[in-house]
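Before any comments, here is the structure.
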Amino acid sequence: MRNFIRLFKLIDKNHKGFIKKTIILSLLTGLLPIFNVIAPKLIIDEYQNLRRLNIMFMIALIALVLAFLNKIINLYSNNYYERTMQVFNDELSYKVNEKVLSLPIEMTDSKSIQDKTQQALYAVGSTYSLLEFMSFASGAVITGIFSIVILIKLNFIIPLILIILVILNKPLSKIIKDNEKDYQKRSAGDIRVYNYYFKFAKDYKYSKDIKIFNAEKMILEKAAYHMNEMFKANHKYFTKNGAMLGLINIINNMGIVGSFIYITYRLIQNTITISNFTLYFNCLNKLIEALQSFQQYYADLAGLNVSLNTLYEFLDIEDSHEEGDINDIDLSTVRLEFKDVSFKYPSSNDYILKNCSFIINPGETVALVGRNGAGKSTIVKLLCKFYEPSRGEILLNGTNIKDIDTKYYYKILSPTFQDFRLFPFRIDENVATNIKDDINKCDYEQMDASFKLLNIKKWVDNLPNGKENYLTTVFDNNGVSPSGGLGQKLALARSMQHKGKFIIMDEPTSALDPRSEQEIFENMLKITEDQTSLFISHRLSSTKYADRIIVCNNGHIEENGSHTELLKANKLYAEMFNTQKELYT
67 MRNFIRLFKL IDKNHKGFIK KTIILSLLTG LLPIFNVIAP KLIIDEYQNL
117 RRLNIMFMIA LIALVLAFLN KIINLYSNNY YERTMQVFND ELSYKVNEKV
167 LSLPIEMTDS KSIQDKTQQA LYAVGSTYSL LEFMSFASGA VITGIFSIVI
217 LIKLNFIIPL ILIILVILNK PLSKIIKDNE KDYQKRSAGD IRVYNYYFKF
267 AKDYKYSKDI KIFNAEKMIL EKAAYHMNEM FKANHKYFTK NGAMLGLINI
317 INNMGIVGSF IYITYRLIQN TITISNFTLY FNCLNKLIEA LQSFQQYYAD
367 LAGLNVSLNT LYEFLDIEDS HEEGDINDID LSTVRLEFKD VSFKYPSSND
417 YILKNCSFII NPGETVALVG RNGAGKSTIV KLLCKFYEPS RGEILLNGTN
467 IKDIDTKYYY KILSPTFQDF RLFPFRIDEN VATNIKDDIN KCDYEQMDAS
517 FKLLNIKKWV DNLPNGKENY LTTVFDNNGV SPSGGLGQKL ALARSMQHKG
567 KFIIMDEPTS ALDPRSEQEI FENMLKITED QTSLFISHRL SSTKYADRII
617 VCNNGHIEEN GSHTELLKAN KLYAEMFNTQ KELYT
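Take a look at the structure:
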């Protein structure tokens, strides 16, 4: 019940007066039919006694008006609930997505949180069962309760039988609820993976590889496996639920049939009048309607109760790491220090980084190099506070970055990621990471300067809508899909637009040819002169632009020095550099 109360409060918060209107509509749709239950008895009594035609006509007319009024109210309530729940469903989906965006990457990267997200989105869709109950069953239940009160006057045995039925149905109802909980838990992972397959199957980024390498069969077979697992879960769920609901229906009908036999017996024995028999008969019919409505939606409501529990658990998830509160640091210079840092991913026992220590001094440009899997990108993730070190600390001007307010800290960074993503929005919105109405003149001037520096201003200006042109055709048929090199330059422009004090470039020029790479590095060095920066590159020819080079190998810092010093040392860096040098000569 608490779950439903919280849901009603949520709806009422966004749609003022929802609770009050729901109570009024439920009472009206439940109470208006009551006169029609009583009307036949009143007409028969009048006919058997005074036989006043005007009174009988008046009773019939009132019944007809109330029936018409009830129909109008039902149509209004159905429309109201449909409209409200549709909007609320979208609002709830927004709330779930807002929660996902608020969680740190360390949490959203885990399978358990991804499964809980899927369960929460499933729960959002389940709220429609409440709409159906409110539209079709709430009034019938109120009428049914009134019918029970009338039947008590006939004999307390009938309501006693009904109470016994409710008690007998309790264990069956619990089985339905537990079955729903088990179903959601078992199917969440398969639903999430199944949806993912078709999400990336429709993504143009994957379409070339899928077509060229005939990957359709592989994707469809993998999707089919999870679809079959979903079918198995569905079969078990619906078979069990159907059996339990069938038993509940049999038990209830036994009670109803017994009640009909009982009032018929009382009529034959002349212990009740024909008019009272009509009243009791109508009450039993209304009671049957109420029970059938309740049975029809009980499984859905039981499922919704479980779903709401899952939804609230997700919405109530607290950020597992402690948020810092420092938001005022002297940034006239920026010094970064890794101090004996070790790291392993939460779901793994293997350390990616082991006791790493190094310093990036103010105004220094440092290159981080190493073989694939050495831990370079993990160092970037830790610097960006996507994860917290398992051991050790990362210091910014002597302050542990975990003690710094994350939003404040992100303003200090200007990163370009190896696996950057451009949004299917306008170019100016992509670069400024802001909606068009919040981009000012200075932003556009900075944008033009970046485009010119990155040698893409001509390309942008020649587009049909210039900087206002959309990327991809997701939102605009005139959208363009930039090449890998152009996309990388737009990502670099976004980093430059951010105006951070600490520059991070993770493979910033991997999609560019050597000449363009050299040109961009030279230009970027001019911009970032006197700024602290770290870049990762597999092309060791670019390390000549660095003041110092850190060599990472198997999670350790193996070498640290200038290009000349490391070549003289003739260790891993010299080996990697000379190998690449031979390939290009």
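Going by the numbering used here, 173 is the number at position 107 of the sequence shown; the sequence numbering is gapless. No residue lacks a Cβ here, since even glycine has one placed at the ideal position from N, Cα and C.
Query, Result
"Whole angstroms is fine: what's the gap from Ile138's alpha carbon to Asn145's?", "11 Å"
"Excluding sequence positions up to five away, which residues of its chain have a Cβ less than 8 Å from the Cβ of Ile522?", "Leu552, Lys555, Leu556 and Ala559"
"Skipping 5 residues on each side, what residues in its chain have a beta carbon closer than 7 Å to that of His301?", "none"
"Specify the secondary structure class of Ile395 as computed by DSSP and reduced to three states.", "coil"
"Between the alpha carbons of Ser143 and Ser159, how many angstroms are there, rounded?", "24 Å"
"So, using beta-carbon positions, are Thr598 and Ile470 closer together than 8 Å?", "no"
"If you count every other CB in all the chains shown that lies within 10 Å of the CB of Cys508, and 16 or more means buried, which is it?", "exposed"
"Anyone know if the C-beta pair for Tyr536 and Pro481 falls short of 8 Å?", "no"
"Suppose you measure from the CA of Asp181 to the CA of Ala368; what does that come to, to the nearest Å?", "21 Å"
"Identify the continuous alpha helix (DSSP H) that holds Lys655 and give its terminal residues.", "Lying before the first or after the last residue shown, residue 655 is absent from the chain, which here runs from 67 to 651."
"Report all residues from its chain with a CB closer than 7 Å to the CB of Asn140; omit the five preceding and five following residues, and keep chain order.", "Thr95"
"Give me the residue from Met310, Tyr263 and Leu228 with the minimum Cα distance to Leu353.", "Leu228"
"Does DSSP put Glu287 in a helix, a strand or coil?", "helix"
"Between Thr472, Asn351 and Phe360, which has its C-alpha nearest Ile392's C-alpha?", "Thr472"
"List in chain order: all unbroken alpha helix (DSSP H) runs of 4+ residues lying wholly within the stretch 408–479.", "442–449 and 472–478"
"Is the distance from the Cβ of Tyr417 to the Cβ of Gly621 below 8 Å?", "yes"
"Compare the Cα-Cα distances from Lys468 to each of Lys451, Gln484, Leu345 and Arg457 and report the closest residue.", "Lys451"
"Give the single residue among Ser628, Gly627, Ile623 and Val617 whose Cα lies nearest to the Cα of Met642.", "Val617"
"Looking only at its chain, what residues have a beta carbon closer than 8 Å to the beta carbon of Gln563, apart from the 5 residues adjacent to it on each side?", "Val497, Ala498, Thr499, Asp509, Gln512, Met513 and Ser516"
"Nearest-angstrom Cα distance between Gly255 and Tyr303?", "16 Å"
"Roughly how many angstroms lie between the CA atoms of Lys240 and Phe360, to the nearest whole one?", "15 Å"
"According to DSSP, which residues form a beta bridge with Lys405?", "Glu459"
"To which residues of the same chain is Ile602 closer than 6 Å at the C-beta, ignoring the five residues directly before and after it?", "Leu434, Lys442, Asp572 and Glu573"
"Please return the same chain residues whose Cβ sits closer than 6 Å to the Cβ of Ser172, not counting the five positions on each side in sequence.", "The sequence shown places Glu at residue 172, not Ser. Cβ within range, chain order: Tyr453."
"Check this for me: beta carbons of Leu187 and Leu374, under 8 Å apart or not?", "no"
"My assumption, with CB atoms under 8 Å, is that Asn245 sits in contact with Asn307. Please give the rounded CB distance.", "6 Å"
"Taking the beta strand (DSSP E) that His81 belongs to, which residues open and close that run?", "Counting along the chain, His81 falls outside any beta strand (DSSP E), and DSSP gives it neither H nor E."
"Tell me where the alpha helix (DSSP H) around His629 begins and ends.", "His629 to Ala635"
"Kindly identify the DSSP beta-bridge partner or partners of Met571.", "Thr482 and Phe601"
"In whole angstroms, what separates the C-alpha of Lys75 from that of Asn69?", "10 Å"
"Just to confirm my understanding: we take Asn136, look at its own chain, exclude 5 residues before and 5 after, and list those with CB closer than 7 Å. What are they?", "Thr95, Leu98 and Pro99"
"In its own chain, which residues sit with a C-beta less than 8 Å from the C-beta of Leu397, not counting the 5 before and 5 after it?", "Asn463, Ile478 and Lys567"
"Less than 7 Å between the CB of Ile224 and some heavy atom of the ligand PLP, yes or no?", "Here there are no bound small molecules, and the ligand PLP is not part of this structure."
"Could you check the C-alpha separation between Thr431 and Ala612 for me, to the nearest Å?", "5 Å"
"Below 8 Å CB to CB, which residues in the same chain sit around Glu112 once its five sequence neighbours on both sides are set aside?", "Arg118, Ile121, Met122 and Ile125"
"Rounded to the nearest angstrom, how far is the Cβ of Lys107 from that of Leu345, given a contact under 8 Å?", "4 Å"
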